[in-house]
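Asks:
Numbering (this note's numbering), first residue to last: 502 to 1140.
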């Protein structure tokens, strides 16, 4: 339960309650007709046209006037929040036709059905009504056993169970797949290797390609009531430059996209589906510039445009200026009749979320969407580079989308109340997690996406690849302060005990390991054998112990929320970090005992990983790819 209620509270519903009866019963475990016991509230449910949600309470009589099922459950959560008040009244105007979130179930972490059901219940309390499940290959396609193999793919029955459950609360689930790029996990198998353009992009223009895509689209859409489908088609920068080029020679990206989309759109029409795609390939192929670099007042009259019925999804998680969103949305509105805006929760930046950036960028973007009349918005929960950050860490941004969608100006006060009501947690404590990466206070809201918590967690202390990057920042002091705050957060959020305990351990590791490479090289360069011995005999073993604790904590969270497939990657990362630290201790011991004359890794000059912004002498940086952090050598062959 998310709403704290007296055990004797009973609710009797009247009016248009049949469509919401089951959902309310699930959410609040209350009988609708109680013949015995004290009745505290009588709630009249009235379905109305339009976009106005109204909640009124006068004594024990209450009325919820709602235009759609999802709005009713929001009204009920607000009513119960104010159940002890004699009189309460609220009127909200719904800003968007649809508003919800997209859950990434392809970057190794495939959410269990029960976790999806849990998120659906939270969405219902917020009043959100659309859910996309992003599945590149994590759904079964009959006749193709290698599709999603060893990846925890969903069965048709599992997805249908999610859809049935969402429908109870008036939430539409839309399949979100890929039909052009981001298909490396499919194309790597021998069964599909002849369908490669590049390792990530499917070979366009081939009959066998469209035969497979038809099977994929049919399988992905079959479990759901919705006839909408998201076809992906983003970030295909090398489209036409692999095997396609060898077969057909050079063709412009916009023409390849046009021909490919016509084929896939035809499949959707045949299957009775309403498709949408990410918009970046359409924009960049027409402008020959970056996705967000479309000039103001650009003439789109001669652009290659998408089919009339196709939805274009403008994804932008990065900007903090209204004029950027306004310009890009206007361009989208010129070339497509159905424009969807996709913002971001910023749980994908590393081992901790960048919630400060997400709050600021999302509030700005949604305000522009309301001003321009954009009718459909979605908050993405990507899990890039191995799903190191749990979905729960992004819940504050789900609350933000809901509050903005019900006509409110987004304020910390409103978000605190919504988060407490619907998530039974502390909004401020969750925002503490942003401090793992927000160390450079000149970087307001961590707008530059610094990721020190990730690269300091994984970097090799002998190599010190990022040591120059953190010079001038009090890394240890920063994580000591954060550690003290997190100790309070653990006790404040009993429903998220595992989450905050995990981050508490992470802060302890970074207190110890964050500047260890700097201390190690300084001791080596100055010949301080006592310090070297302290690091090898005390600090490294303590850090390895904490790393194992962190690994087990993350495993517990993963296994509670997700299918087991994919955790092996994090096992390798955490375990590999500890093994390399143990190797460093052995190298130090070999040096101190005279077995080796020098530690070559510590004699390598420390370089800046990335140069600071122009005009600055220091600055942290972004690096969110584990494979780039751990070594200066290749993780795999280039062939």
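Glycine included, every Cβ here is placed at the ideal spot set by N, Cα and C.
Run through DSSP, which three-state label would residue 553 get?
Replies: Locating residue 553 in the chain shown gives position 52, where the first residue counts as 1. Strand, per DSSP.
Asks: Decide if residue 850 is buried, meaning its Cβ has at least 16 other Cβ atoms within 10 Å, or exposed.
Replies: Position 349 of the chain shown holds residue 850. It counts as buried.
Asks: Tell me where the alpha helix (DSSP H) around residue 864 begins and ends.
Replies: The count along the chain shown starts at 1 and reaches residue 864 at position 363. Looking at the DSSP string, the run of the alpha helix (DSSP H) that includes residue 864 is 856-873.
Asks: Does the beta-carbon of residue 694 have 16 or more other beta-carbons within 10 angstroms, so that it is buried, or is it exposed?
Replies: In the chain shown, residue 694 corresponds to position 193, counting from 1. When all chains shown are included, residue 694 counts as exposed.
Asks: Does residue 1022 pass the burial test, meaning 16 or more other C-beta atoms within 10 Å, or should it be called exposed?
Replies: Against the chain shown, residue 1022 aligns to sequence position 521. That one is buried.
Asks: Around the C-beta of residue 445, are 16 or more other C-beta atoms found within 10 angstroms, so that it is buried, or is it exposed?
Replies: No statement about residue 445 is possible, as the shown extent of the chain runs from 502 to 1140 and does not include it.
Asks: Let me confirm a value: residue 1052 is counted as buried when at least 16 other C-beta atoms fall within 10 Å, else exposed. Which label applies?
Replies: Along the chain shown, one-based indexing puts residue 1052 at 551. Label assigned to residue 1052: buried.
Asks: DSSP three-state call for residue 878: helix, strand or coil?
Replies: Here the question's residue 878 lines up with position 377 in the chain shown. Three-state result, residue 878: strand.
Asks: Going by the beta-carbon positions, is the gap between residue 783 and residue 813 smaller than 8 Å?
Replies: On the chain shown, residue 783 is found 282 positions in, with the first residue counted as 1. On the chain shown, residue 813 is found 312 positions in, with the first residue counted as 1. Against a cut-off of 8 Å, the Cβ pair of residue 813 and residue 783 comes out as a contact.
Asks: So, helix, strand or coil for residue 578, using DSSP?
Replies: Along the chain shown, read from residue 1 onward, the residue named residue 578 stands at position 77. Looking at residue 578 - three-state DSSP - the assignment turns out to be helix.
Asks: Among 943, 809, 732, 868, which residue has its Cα nearest to the Cα of residue 824?
Replies: Working through the chain shown from its first residue, we reach residue 824 at position 323. Minimum Cα distance to residue 824 is reached at 868.
Asks: Just checking, does the segment 577-584 make contact with the segment 607-614 on the three C-beta pairs under 8 Å criterion?
Replies: Segments in contact, no.
Asks: If you count every other CB in all the chains shown that lies within 10 Å of the CB of residue 1134, and 16 or more means buried, which is it?
Replies: Position 633 of the chain shown, counting from 1, holds the residue named residue 1134. Classification of residue 1134: exposed, given that the 10 Å Cβ count is below 16.
Asks: What are the partner residues of residue 730, as DSSP defines its beta bridges?
Replies: On the chain shown, residue 730 is found 229 positions in, with the first residue counted as 1. Its beta-bridge partners are 776.
Asks: Figure out for me which residue from 983, 970, 886, 733 has the closest Cα to the Cα of residue 1067.
Replies: Reading the chain shown from its first residue, position 566 is the one you call residue 1067. The shortest Cα separation from residue 1067 among 983, 970, 886, 733 belongs to 886.
Asks: Using alpha carbons as the reference points, say which of 774, 820, 935 lies closest to residue 864.
Replies: In the chain shown, counting from the first residue as 1, residue 864 sits at position 363. If we check each option's Cα against that of residue 864, 820 comes out closest.
Asks: Do you know whose CA, among 737, 797, 862, 778, lies nearest residue 806's CA?
Replies: The residue you call residue 806 lines up with position 305 of the chain shown. That would be 778, whose Cα lies nearest to the Cα of residue 806.
Asks: Are the segment 586-604 and the segment 556-567 in contact at 8 Å, needing three or more beta carbon pairs?
Replies: The segment 586-604 is in contact with the segment 556-567.
Asks: So what does DSSP say about residue 495, is it helix, strand or coil?
Replies: Outside the modelled stretch of the chain, which goes from 502 to 1140, sits residue 495, for which no answer is possible.
Asks: Would you mind sorting residue 616 into buried or exposed? The rule is 16 or more other CB atoms within 10 Å of its CB.
Replies: Position 115 of the chain shown, counting from 1, holds the residue named residue 616. Its Cβ being crowded by 16 or more others within 10 Å, residue 616 is buried.
Asks: Three Cβ pairs or more, each shorter than 8 Å: is that satisfied between the segment 734-742 and the segment 757-765?
Replies: With the cut-off at 8 Å, the segment 734-742 and the segment 757-765 touch.
Asks: Give me the Cα-Cα distance between residue 751 and residue 646, rounded to the nearest whole angstrom.
Replies: Here the question's residue 751 lines up with position 250 in the chain shown. Here the question's residue 646 lines up with position 145 in the chain shown. Roughly 34 Å separates the two Cα atoms.
Asks: Buried or exposed for residue 931, please, with buried defined as at least 16 other CB atoms from any protein chain shown within 10 angstroms of its CB.
Replies: For this step, residue 931 is matched to residue 430 along the chain shown. Buried, since its Cβ has 16 or more Cβ neighbours within 10 Å.
Asks: Is the segment 1073-1083 touching the segment 1040-1057, taking contact as three or more C-beta pairs under 8 Å?
Replies: Contact holds: three or more Cβ-Cβ distances are below 8 Å.
Asks: From the DSSP output, in three-state form, read off residue 710 for me.
Replies: In the chain shown, the residue the question calls residue 710 occupies position 209. Helix, per DSSP.
Asks: Can you list, in chain order, the residues of its chain whose CB lies under 7 Å from that of residue 1120, leaving out five sequence neighbours each side?
Replies: In the chain shown, residue 1120 corresponds to position 619, counting from 1. Answer for residue 1120: 941, 1113, 1114, listed in chain order.
Asks: Going by DSSP, what residue range makes up the alpha helix (DSSP H) through residue 676?
Replies: In the chain shown, residue 676 corresponds to position 175, counting from 1. Note, residue 676: premise wrong, no alpha helix (DSSP H); beta strand (DSSP E) at 673-677.
Asks: Reducing DSSP to helix, strand and coil, say where residue 547 ends up.
Replies: In the chain shown, residue 547 corresponds to position 46, counting from 1. Note: residue 547 maps to strand in three-state DSSP.
Asks: Reducing DSSP to helix, strand and coil, say where residue 1005 ends up.
Replies: As a position in the chain shown, residue 1005 is number 504, starting the count at 1. Of the three classes helix, strand and coil, the one that applies to residue 1005 here is helix, per DSSP.
Asks: Report the residue from 1062, 1092, 974, 1054 whose alpha carbon sits nearest the alpha carbon of residue 1030.
Replies: For the purposes of this step, residue 1030 is taken as the residue at position 529 of the chain shown. Cα-wise, what sits closest to residue 1030 is 1092.
Asks: Determine which residues share a DSSP beta bridge with residue 816 and list them.
Replies: Here residue 816 is taken as the residue at index 315 of the chain shown, counted from 1. DSSP output for residue 816 lists 843 as bridge partner(s).
Asks: My assumption, with CB atoms under 8 Å, is that residue 685 sits in contact with residue 701. Please give the rounded CB distance.
Replies: For this step, residue 685 is matched to residue 184 along the chain shown. For this step, residue 701 is matched to residue 200 along the chain shown. Confirmed, Cβ separation roughly 5 Å.
Asks: Taking Cβ to Cβ, would you say residue 775 is nearer than 8 Å to residue 726?
Replies: As a first step, residue 775 is located in the chain shown; it is residue number 274 there, counting from the start. As a first step, residue 726 is located in the chain shown; it is residue number 225 there, counting from the start. No, they are not a contact pair.
Asks: The alpha helix (DSSP H) with residue 1073 in it runs from where to where?
Replies: Here the question's residue 1073 lines up with position 572 in the chain shown. Counting along the chain, the alpha helix (DSSP H) containing residue 1073 begins and ends at 1068-1093.
Asks: Hey, out of 978, 650, 840, whose CA is closest to residue 781's CA?
Replies: Here residue 781 corresponds to residue number 280 of the chain shown, with the count starting at 1. Out of 978, 650, 840, 840 has the C-alpha closest to the C-alpha of residue 781.
Asks: Relative to the alpha-carbon of residue 731, which residue among 711, 708, 741, 677 has its alpha-carbon at the smallest distance?
Replies: For the purposes of this step, residue 731 is taken as the residue at position 230 of the chain shown. Of 711, 708, 741, 677, the residue nearest in Cα terms is 677.
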